[in-house]
Structures are given as structure tokens and as C-alpha cells.
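Chemist: Heads up, the sequence shown is in my numbering, so the first residue is 1 and it goes up one at a time. Built from N, CA and C at the ideal position, the CB exists for glycine as well. Before I ask anything, here is the structure I am working with.
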Amino acid sequence: MIVSVISLGCPKNLVDSEIILGYLAQNNYTLTLDWQNSDICIINTCAFLKSAVKEAEQWIQKVITYKKKSKIKKVIIAGCLSQRYKDTLIDKFPEIDGVIGLDSLTEIVKVITDLSASDKNRLVKVLDKPTYLCNYQTPRLISTNHYAYLKIADGCDNFCTYCLIPSIRGRFRSRKIKDIVEESKNLSQIGIKEIILVAQDTTLYGKDIYGELSLAKLLINLVKIKDIKWLRVLYTHPAHWTDKLIQVYQNNFRICRYVDLPLQHISDKILKLMNRPYTRKQVEQLINKLRKIPNMAIRTSLIVGFPCETEKDFEQLLKFVQEQKFAHLGCFTYSREPGTIAYDLPNQIPEKVKKERRDLIMKTQQRISLARMQSFIGKRIKVIVDNTTYHKTLARTEFDAPEIDAVVEIKGKNLKPGDFVAVKIKDAQPYKLLAVLDK
């Protein structure tokens, strides 16, 4: 039987898709990227925002439409959309054969077996409150070649007023350090050079099982794995950084000089409405500490158009962006999600105003990015090769995460993904460096 998996959403969701693939491979299913020619198509979905729901529903509609005229026999929906809309998903898309929640990933083979036993039955396996957490023995088929995402925790306890993650993915739950170290060793043994730690809040790691913030301790254990050349951490929370964690970054060069620090806003009023438990002053103090580490690149993400955001609040945010000159920045318009506290807040902002504010932030950041990239011209720097074609080679610096940040285009041959090479920067664009091999 031939099975395909369409993975939507963030890297955390990609890990779940790789676990699904792992169980399928372990049970000798034939896997394909060509979903149109599979017997069973599994769509692992995101449902964090309306835009993610829309994308998931478009994919569902596309696949079930094709199902009517192709060899596809069963369509199974997994992930966050299943968790959020378990009671209505089959009503909306009656052609769906199965709906599985976040706690049912490990049962994917049984689900397929049960569905294959009947042409009439539909199957829904979704628990109200997810508690599942993978471990180093969980089968997983890595889809990213020389780098891999490693989920150190799941769920969330932050309860930001705009966010549905706690209600979808459950309470925050950490894996044990020993378990994460064992998975990292397993990854290194199959040729993974860069491990990227992910969770809803990586800096909250360990608080639930060790009684204290333990990301620093985890990193100290991970840097001992010699075959892992780069360690990168995504999704850190400004309120959960510690001086010990900063010191670990300072002392360990295998940890990339890269901090992903989603601030969301900088107005104290808006931060309070968002239930983000920090102030502008605390953010500036943290950034100052991080920038004492030489060559530190800071990425942030912002939300504009949050309810009650005035022109004054926005101008404060814009000026902050101009002053801080972040290495990378993503800006998003506030999405009003039913079931969140922010949904019922007064003074909702018109979509046109939201988009104007977002565009102004991003145009400002583009100028900042270009100036920063131009500062690399003439410098020699180490990069990791991500992709090679007949025409070009694409790589990254340690200051860039895959898929979301800048790339380095190298003029040179005989390179392969996973190679670390030294290059000399010849030219720059806002989100790309042009380089040649350094001889």
C-alpha cells in the first residue's frame, strides 16, 4: 500500500509528520511524495490562525476532489485542525475517511488498518486534552537531510490572549534531558550536522519536570555530542531567559550565535493586553545582555493591529524597530480567533490599518536588512550547504535558520548538502548574500 503525507504548518508540526512517516516505514508501507498516486493520503494540519485553517481546508478540498477521480482510497486528517474542529470536520468534508488528533499519531498504522477493513466506516480518534510526548525510541523518518528539528517539549502554559495553542495542544510538558540527548545522538549517527531545538516555548523547558528553567542545563549536555556541529534554538520567550542561559551561549561556540526572540510588541499597554509578562524596559535589558555576545544575531516577530493599538502604540513599535536593527524580523497582522480572550476585546482595528502598519514595519526592516547584509561584503565566513543544483548552490550562515532567514548563494561546484565551507562575500541583497569559495 502506498501512503503519502502532506505536512503543513511549523517545524513542530513537521516533527509530528516525521513521526507518522516513521511508524509507516517501520510497518513496511511504501511512502511517496506524489500524493496524487498514493492509496492513502494523510494531511497533517495547522490551525493556529485563520490563515492556517484556510490553507488546511484548501488542501483537504484539493485532495478529496482528486480522490473522486484517482486511485486515492482513503484521506486522513491529522494534527491541529483535527484537534480544534474534531466535531465538525467530517460534517464539513464528508469525503474524509479518518480524523486523528495529536495523541493518535502513534496509532496511525492501526487507523489505516481499521479503515482498510471497511469501505463505509469513518474513524475519529481525538482526545479532548492532548498529553502525548515523543521520546528517543519513537520511530521517525527525517525529511530535512543534514539538519533536523528536535522537539524538546509540547503544549503551552503561557496563555497569550491571542493564542489558541494551549487549548489545541494542551499544557506544557517537557521531555527529560537524558531522552533528548539520546535522540540527539541518534540523529548525529545518521549524519545530522545541525540540530534545531523547538517547542512552543523552548525557554520554559524543564520547569514542569525539574521545578526550574532548565534549557541551559540541556544545552550543556547537548554540546558534548561531537558530531553535532551546530545547535540552534527557536521560539524562546523573553520572560524566561536567565543569566545562566546567556552564559551558556557565551561559552559554547557550537550553539549558533542566533536568538529567536518573538517580542510581539513593545508597548507596555499592548503587552499587558496580550498577557505577555514583561515590559519594554525588561526587553531592552535582555537585548543588551544578548548583544554582549560577539556577532549575536537576533530574530524577532511582531504583531500589529492588536485590539486597542493606537497610532501612538504603533509609532512606539516602529521607532523601536528602527533603533534595535534586528538581524531578522517578521511582522504579522493580528488575527481575531474565536475562543481567545482577545477576540472579545474592544477597539478592534480595521484590516486596512493592520496591513498598512505591517507594510511600514516590513519596509523599514528591509532597509535595515540590506544595510546589515552589505556589512558582510569582503568578509570571509563559514556556511553550511543546504541545496545544490546545476545552476547554483544555496547555503546558510550560523546567523540564519533554514526556510525563514537569509541564504548565501555560492558560485562554486562540487559541493553537497551538509558540507561546511568557507566563503568570501562579494555582494548582498536584503535577504541574500552572494559568495565565492574562499581559497
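From isoleucine 90 to glutamine 137, what distance separates their C-alpha atoms?
Modeler: Numbered from 1 along the sequence shown, position 90 holds the residue referred to as residue 90. Numbered from 1 along the sequence shown, position 137 holds the residue referred to as residue 137. Approximately 33 angstroms between the Cα atoms of the pair.
Chemist: When DSSP labels each residue in this structure, what does serine 7 get in the three-state scheme?
Modeler: What you label residue 7 is simply residue 7 of the sequence shown in a count that begins at 1. In this structure, serine 7 counts as strand in the three-state DSSP scheme.
Chemist: Buried or exposed for phenylalanine 159, going by 16 or more other Cβ atoms inside 10 Å?
Modeler: What you label residue 159 is simply residue 159 of the sequence shown in a count that begins at 1. It counts as exposed.
Chemist: Are leucine 127 and aspartate 103 closer than 8 angstroms when you measure CB to CB?
Modeler: Locating residue 127 in the sequence shown gives position 127, where the first residue counts as 1. Locating residue 103 in the sequence shown gives position 103, where the first residue counts as 1. Yes, the Cβ-Cβ distance between leucine 127 and aspartate 103 is below 8 angstroms.
Chemist: Flag this pair as yes or no: are the beta carbons of leucine 345 and leucine 273 separated by less than 8 angstroms?
Modeler: Residue mapping note: residue 345 aligns to position 345 of the sequence shown, counting from 1. Residue mapping note: residue 273 aligns to position 273 of the sequence shown, counting from 1. In contact: leucine 345 and leucine 273 (Cβ atoms closer than 8 angstroms).
Chemist: What's the C-alpha gap between serine 267 and threonine 340?
Modeler: As a first step, residue 267 must be located in the sequence shown, where it is residue number 267. As a first step, residue 340 must be located in the sequence shown, where it is residue number 340. Rounded to whole angstroms, serine 267 to threonine 340 spans 21 angstroms at the Cα level.
Chemist: Taking the Cβ atom as the reference point for each residue, do alanine 239 and tyrosine 278 lie within a distance shorter than 8 angstroms?
Modeler: For the purposes of this step, residue 239 is taken as the residue at position 239 of the sequence shown. For the purposes of this step, residue 278 is taken as the residue at position 278 of the sequence shown. For alanine 239 and tyrosine 278, yes; Cβs fall inside 8 angstroms.
Chemist: Candidates Lys74, Val259, Ser369 and Ile180: which alpha carbon is nearest alanine 441's?
Modeler: Nothing about residue 441 can be reported from this structure: the residues present for the chain run from 1 to 439 only.
Chemist: On the premise that leucine 370 lies in contact with valine 408, defined as a C-beta separation below 8 angstroms, what is that separation, rounded to the nearest angstrom?
Modeler: In the sequence shown, counting from the first residue as 1, residue 408 sits at position 408. In the sequence shown, counting from the first residue as 1, residue 370 sits at position 370. That pair is no contact at about 15 angstroms.
Chemist: Could you check the C-alpha separation between glycine 412 and isoleucine 108 for me, to the nearest Å?
Modeler: Sequence index remark: in the sequence shown, residue 412 carries index 412 (1-based). Sequence index remark: in the sequence shown, residue 108 carries index 108 (1-based). Rounded to whole angstroms, glycine 412 to isoleucine 108 spans 44 angstroms at the Cα level.
Chemist: Give me the residue from Lys69, Gln83 and Lys71 with the minimum Cα distance to alanine 56.
Modeler: Taking the first residue of the sequence shown as 1, we reach residue 56 at position 56. Taking only the C-alpha atoms, the option nearest alanine 56 is Gln83.
Chemist: Along the chain, where does the alpha helix (DSSP H) containing lysine 244 start, and where does it finish?
Modeler: Here residue 244 refers to the residue found at position 244 of the sequence shown. 243-251 is the extent of the alpha helix (DSSP H) around lysine 244.
Chemist: Which residues in the same chain have their Cβ closer than 7 angstroms to the Cβ of threonine 242, if we skip the five residues on either side of it in sequence?
Modeler: Counted from its first residue, the sequence shown places residue 242 at position 242. Around threonine 242: Leu213 and Ala216.
Chemist: Following the continuous beta strand (DSSP E) through serine 301, name the residue where it begins and the one where it ends.
Modeler: Looking up residue 301 in the sequence shown gives position 301. Residues 297-304.
Chemist: When the distance is taken between beta carbons, is glutamate 194 closer than 8 angstroms to histidine 265?
Modeler: Numbered from 1 along the sequence shown, position 265 holds the residue referred to as residue 265. Numbered from 1 along the sequence shown, position 194 holds the residue referred to as residue 194. No; because the gap between Cβ atoms is not below 8 angstroms, this pair is not in contact.
Chemist: Could you work out which residue in Thr144, Pro307 and Lys151 is closest to proline 402 when comparing CA atoms only?
Modeler: By one-based count along the sequence shown, residue 402 stands at place 402. When only C-alpha atoms are compared, the closest one is Thr144.
Chemist: Terminal residues of the continuous alpha helix (DSSP H) containing tryptophan 230?
Modeler: Within the sequence shown, the letter at position 230 stands for residue 230. Where tryptophan 230 is concerned, there is no enclosing alpha helix (DSSP H), although the beta strand (DSSP E) it sits in stretches over 230-233.
Chemist: From which residue to which residue does the beta strand (DSSP E) around isoleucine 180 run?
Modeler: Indexing the sequence shown from 1 puts residue 180 at position 180. For isoleucine 180, there is no enclosing beta strand (DSSP E); the residue is found in the alpha helix (DSSP H) stretching over 177-189.
Chemist: Mapping the DSSP letters down to three states, classify glycine 101 as helix, strand or coil.
Modeler: Residue mapping note: residue 101 aligns to position 101 of the sequence shown, counting from 1. In the structure shown, glycine 101 sits in coil (DSSP, three-state: anything other than H, G, I, E or B).
Chemist: Three or more C-beta pairs closer than 8 angstroms, one from the segment 41-54 and one from the segment 175-189: is that the case here?
Modeler: no
Chemist: What residue range is occupied by the uninterrupted beta strand (DSSP E) comprising alanine 435?
Modeler: By 1-based counting over the sequence shown, the position of residue 435 is 435. Start and end: 432-437.
Chemist: Please report how far the alpha carbon of serine 17 lies from the alpha carbon of valine 124, in whole angstroms.
Modeler: Against the sequence shown, residue 17 aligns to sequence position 17. Against the sequence shown, residue 124 aligns to sequence position 124. Going from the Cα of serine 17 to the Cα of valine 124 covers about 18 angstroms.
Chemist: Give me the Cβ distance between alanine 395 and isoleucine 410, rounded to the nearest whole Å; I'm assuming they're in contact under 8 angstroms.
Modeler: For the purposes of this step, residue 395 is taken as the residue at position 395 of the sequence shown. For the purposes of this step, residue 410 is taken as the residue at position 410 of the sequence shown. Rounded to whole angstroms, the Cβ separation of alanine 395 and isoleucine 410 is 6 angstroms, and the two are in contact under 8 angstroms.
Chemist: On a Cα-Cα basis, can you pick out the residue from Leu105, Cys163, Leu222 and Arg171 that is closest to leucine 150?
Modeler: Translated into positions along the sequence shown, residue 150 becomes position 150. Nearest option by C-alpha distance: Leu222.
Chemist: With 16 other CB atoms within 10 Å as the buried threshold, where does glutamine 200 fall?
Modeler: Position 200 of the sequence shown holds residue 200. With 16 or more other Cβ atoms within 10 Å, it is buried.
Chemist: Cα-Cα, which of Val383, Ile20 and Cys163 is closest to glutamate 337?
Modeler: Within the sequence shown, the letter at position 337 stands for residue 337. The candidate whose alpha carbon is nearest that of glutamate 337 is Cys163.
Chemist: Quick check: the Cα distance between lysine 110 and serine 51, rounded to an integer number of angstroms?
Modeler: Sequence index remark: in the sequence shown, residue 110 carries index 110 (1-based). Sequence index remark: in the sequence shown, residue 51 carries index 51 (1-based). One C-alpha to the other measures close to 31 angstroms.
Chemist: Would you kindly work out how many angstroms separate the C-alpha atoms of tyrosine 296 and asparagine 28, rounded to a whole number?
Modeler: Within the sequence shown, numbered from 1, the residue matching residue 296 stands at position 296. Within the sequence shown, numbered from 1, the residue matching residue 28 stands at position 28. One detail in the question is off: residue 296 reads as methionine in this sequence, not tyrosine. For methionine 296 and asparagine 28, the distance between alpha carbons rounds to 45 angstroms.
Chemist: For glutamate 398, which residues of its own chain have a beta-carbon under 7 angstroms away from its beta-carbon, when the five flanking residues on both sides are left out?
Modeler: By one-based count along the sequence shown, residue 398 stands at place 398. Trp230, Cys256, Arg257 and Tyr258.
Chemist: Check whether the Cβ atoms of leucine 360 and valine 385 lie closer than 8 angstroms to each other.
Modeler: One-based indexing of the sequence shown puts residue 360 at position 360. One-based indexing of the sequence shown puts residue 385 at position 385. For leucine 360 and valine 385, no; Cβs fall outside 8 angstroms.
Chemist: Does the separation of the CB atoms of lysine 379 and isoleucine 425 fall below 8 angstroms?
Modeler: Taking the sequence shown and counting its residues from 1, one reaches residue 379 at position 379. Taking the sequence shown and counting its residues from 1, one reaches residue 425 at position 425. A contact, by the Cβ cut-off of 8 angstroms.
Chemist: Using 10 angstroms around the beta-carbon of lysine 68, count the other beta-carbons present and answer buried if the total reaches 16, otherwise exposed.
Modeler: What you label residue 68 is simply residue 68 of the sequence shown in a count that begins at 1. Lysine 68 comes out exposed.
Chemist: Rounded to whole angstroms, what's the CA-CA distance from glutamine 247 to isoleucine 220? Just pull it up for me.
Modeler: The residue given as residue 247 occupies position 247 in the sequence shown. The residue given as residue 220 occupies position 220 in the sequence shown. Near 11 angstroms, if we compare the C-alpha coordinates of isoleucine 220 and glutamine 247.
Chemist: DSSP three-state call for threonine 113: helix, strand or coil?
Modeler: Looking up residue 113 in the sequence shown gives position 113. Reduced to three states, the DSSP call for threonine 113 is helix.
Chemist: For isoleucine 64, which residues in the same chain have their Cβ closer than 8 angstroms to its Cβ, ignoring the five residues on either side in sequence?
Modeler: Your numbering for residue 64 matches position 64 in the sequence shown. Around isoleucine 64: Val75, Phe93, Glu95 and Ile96.
Chemist: Work out the CA separation of aspartate 313 and valine 3 for me, nearest whole Å.
Modeler: Here residue 3 refers to the residue found at position 3 when the sequence shown is read from its first residue. Here residue 313 refers to the residue found at position 313 when the sequence shown is read from its first residue. Answer to the nearest angstrom: the Cα atoms are 50 angstroms apart.
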